[in-house]
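Let me begin by presenting the structure, written as structure tokens, before commenting on it.
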Amino acid sequence: MEAPGAGGEEALRIKRSPGRPRWLTSGQEQSVKAVVRDVTPRQVLGVAAALWTRALVAMVIAAWFGIGVSVAAVGRLLRGLGLSPQRPAYRAWRRDQVAVSRWMTETFPGICRLARAGAAVVLFADEMSMRVDHRAGTTWGVIGQTPLVCAGAQRLSVKMFSAVGMDGMLRYRLWRGSTDRWAFIGFCVHLLRTITGTIFLIVDGSSSHTAAAVRDVVARTGGRLRLFFLPGYAPDLNPDEWVNQNPKARVAREAVADEHEPAAAMHSGMHRLQKRSDIVRAFFTDPHLTYISA
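Offset between the sequence shown (1-based) and the numbering used here: plus 14.
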């Protein structure tokens, strides 16, 4: 039997606890990370789910490696791999990623070259609809009691066309009718009246933008207005989506009684936004829009 203190200073040295033993190898952990990051549960497990949960990840681990683990252990594993629960960005399954890549690397740079050669203004345009009974946001209230706010219950809506440029330029037009080809033509005429020189207008490929009547009006401008079309199902490529969200988020928090109040609020908000070119330019810093300034 060793005498007390026989270990000397080494016996007094603090030693790290080995901790909980790993139940997956490093390679298996990276496989789990790749699955959660790159594919959906439907693709791997054949279940009707598009979002990963800890229980579904545990099913993958059991099926692939024959190891049963608790959901709590799966949560610790995923966080240790640098993953966390997040709200996903949704993309249409009909989206053509090849066309999107071609737009970012070839088509749009070509449009910019044409614009520089002809001193044209490049604008991204879109339209939005705001219903009077649309609600968003939160308010303070007593715990356990849902706050009540009196507001109009009509299902009327206010529409808006807008166009935005990389330099902070913003143009808009409110509309109470249908956002059809005639409404879009009216917005194009508004742009031609308020902007001097040639306009390159980038829009999506909806029928209101590609109608024969629209093509006829564009042709009659003698080249002052040219339309270019984004790839299908790719709204994230359009910075004007940010313009649409700006007044909608503000107006949705107001308790309005009829369609005139949100129209006035939208007009006021857009007028202020026109004066803040720094905010408009900030829309282009979205990670999905870096291709524009590349």
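Backbone N, C-alpha and C define an ideal beta-carbon position, used for all residues, glycine too.
{"Check": "Counterpart residues of Arg185 in DSSP-defined beta bridges", "Outcome": "Ala177"}
{"Check": "Within the region 186–264, ranges of the beta strand (DSSP E) (whole runs, at least 3 residues)", "Outcome": "213–217 and 239–243"}
{"Check": "Outcome for Ala167 when other beta-carbon atoms lying within 10 angstroms are tallied against a minimum of 16", "Outcome": "Unreliable positioning characterises Ala167 in this predicted model, as indicated by a pLDDT of 48, which lies under 50. A coordinate reading is not provided."}
{"Check": "Cα-Cα separation, Val228 to Glu120", "Outcome": "26 Å"}
{"Check": "Top-ranked residue by Cα proximity to Lys289, from Ala87, Ser171 and Asp181", "Outcome": "Asp181"}
{"Check": "Which of helix, strand or coil DSSP assigns to Ala48", "Outcome": "helix"}
{"Check": "For Val2, three-class secondary structure by DSSP", "Outcome": "No answer is possible for residue 2: it lies beyond the span of the chain, which begins at 15 and ends at 308."}
{"Check": "Coarse secondary structure for Ala69, derived from DSSP in three states", "Outcome": "helix"}
{"Check": "Residues near Phe297 by beta carbon distance below 6 Å, same chain, minus five either side", "Outcome": "Pro253 and Trp256"}
{"Check": "Proximal residues to Met118 (C-beta, below 7 Å), its chain only, five neighbours per side dropped", "Outcome": "Tyr305"}
{"Check": "Bridge partners - Asp140, DSSP secondary structure assignment", "Outcome": "Ser176"}
{"Check": "Supposed contact pair Ala133 and Gly236 - C-beta distance, whole angstroms, cut 8 Å", "Outcome": "Contact flag wrong, Cβ pair sits at about 15 Å."}
{"Check": "Classification of Val178 by the beta-carbon crowding that lies within 10 angstroms, buried from 16 upward", "Outcome": "buried"}
{"Check": "Own chain partners of Cys202 with C-beta closer than 8 Å, once the 5 adjacent residues on each side are dropped", "Outcome": "Leu215, Val228, Val231, Val232 and Leu239"}
{"Check": "Beta-carbon contacts of Ile81 that lie in its chain and below 8 Å, excluding the five residues immediately before and after", "Outcome": "Trp37, Leu38 and Ile75"}
{"Check": "C-alpha distance - Met144 paired with Asn260, whole-angstrom precision", "Outcome": "12 Å"}
{"Check": "Per DSSP, the bridge partner or partners of Val85", "Outcome": "Paired residues: none, contrary to the question."}
{"Check": "Buried/exposed call for Arg187, threshold 16 Cβ in 10 Å", "Outcome": "buried"}
{"Check": "Residues of its chain near Leu137, where Cβ-Cβ distance is below 6 Å and the 5 sequence neighbours each way are ignored", "Outcome": "Ala177, Gly179 and Leu215"}
{"Check": "Assigned secondary structure, Val156 (DSSP; H/G/I helix, E/B strand, else coil)", "Outcome": "coil"}
{"Check": "Exposure of His285, with buried meaning 16 or more beta-carbon neighbours within 10 Å", "Outcome": "exposed"}
{"Check": "Val135, DSSP secondary structure in three states", "Outcome": "strand"}
{"Check": "Pairwise C-alpha distance: Val112 and Ser84", "Outcome": "40 Å"}
{"Check": "Cα-Cα separation between Ala308 and Phe122, rounded to whole angstroms", "Outcome": "10 Å"}
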